[in-house]
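Enquirer: Numbering (my numbering), first residue to last: 12 to 114.
All residues carry an ideal CB built from backbone N, CA and C; glycine is no exception.
Since the structure is predicted, the reported quantities are computational estimates derived from the model, not experimental observations.
Can you read through this structure? Questions will come right after.
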Amino acid sequence: MPGWARRGAVYQRTEMDQGTARACASLCDLDGQCQAWVWTRPGLQGPDAVCSLLSTAHTPYRAPGQTTGLGAGLRASIDSAAERPPSEREIEALMALEAPLHH
Numbered sequence: 012m013p014g015w016a017r018r019g020a021v022y023q024r025t026e027m028d029q030g031t032a033r034a035c036a037s038l039c040d041l042d043g044q045c046q047a048w049v050w051t052r053p054g055l056q057g058p059d060a061v062c063s064l065l066s067t068a069h070t071p072y073r074a075p076g077q078t079t080g081l082g083a084g085l086r087a088s089i090d091s092a093a094e095r096p097p098s099e100r101e102i103e104a105l106m107a108l109e110a111p112l113h114h
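Written as structure tokens, this is what we have:
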């Protein structure tokens, strides 16, 4: 997400003299602890680009000069949750929403 960043639990910050947002995403994808990443363009936090790996994925906020994304593990979890059928509890909750309200 170009132009966005995340606050949160940064556990690794790496200066990258030739780094790109794609390279930062790759570092995150290779690290099982990484839930999200933030890449900061050179000149914003120092002379080099900065790649921050986060152990949580908080809501992004507008941040010109930065790019953020989710780690591979979190993306896979979201994808698998979206593809699974609803549980019995979820079906009951959805049916309760559809039932007419009686007072």
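On a Cα-Cα basis, can you pick out the residue from 79, 107 and 30 that is closest to residue 58?
Expert: 30
Enquirer: Between residue 25 and the rest of its own chain, which residues show a CB-CB distance below 6 Å, the 5 nearest in sequence each way excluded?
Expert: 62
Enquirer: Reducing DSSP to helix, strand and coil, say where residue 45 ends up.
Expert: coil
Enquirer: Indicate the three-state DSSP secondary structure (helix, strand or coil) for residue 52 in the structure shown.
Expert: coil
Enquirer: On the DSSP bridge assignment, give the partners of residue 62 in chain order.
Expert: Partner(s): 25 and 50.
Enquirer: Relative to the alpha-carbon of residue 60, which residue among 51, 40 and 96 has its alpha-carbon at the smallest distance?
Expert: 51
Enquirer: Using 6 Å as the cut-off, classify the Cβ of residue 87 as near or not near the heavy atoms of the ligand FMN, replying yes or no.
Expert: Looking at this structure, you won't find the ligand FMN or any other ligand, since it has none at all.
Enquirer: For residue 86, which three-state DSSP category applies?
Expert: helix
Enquirer: Measure how close the beta-carbons of residue 48 and residue 80 come, nearest whole angstrom, since I'm counting them as under 8 Å.
Expert: About 6 Å; that satisfies the 8 Å criterion.
Enquirer: Give the DSSP-derived three-state secondary structure of residue 17 in the structure shown.
Expert: coil
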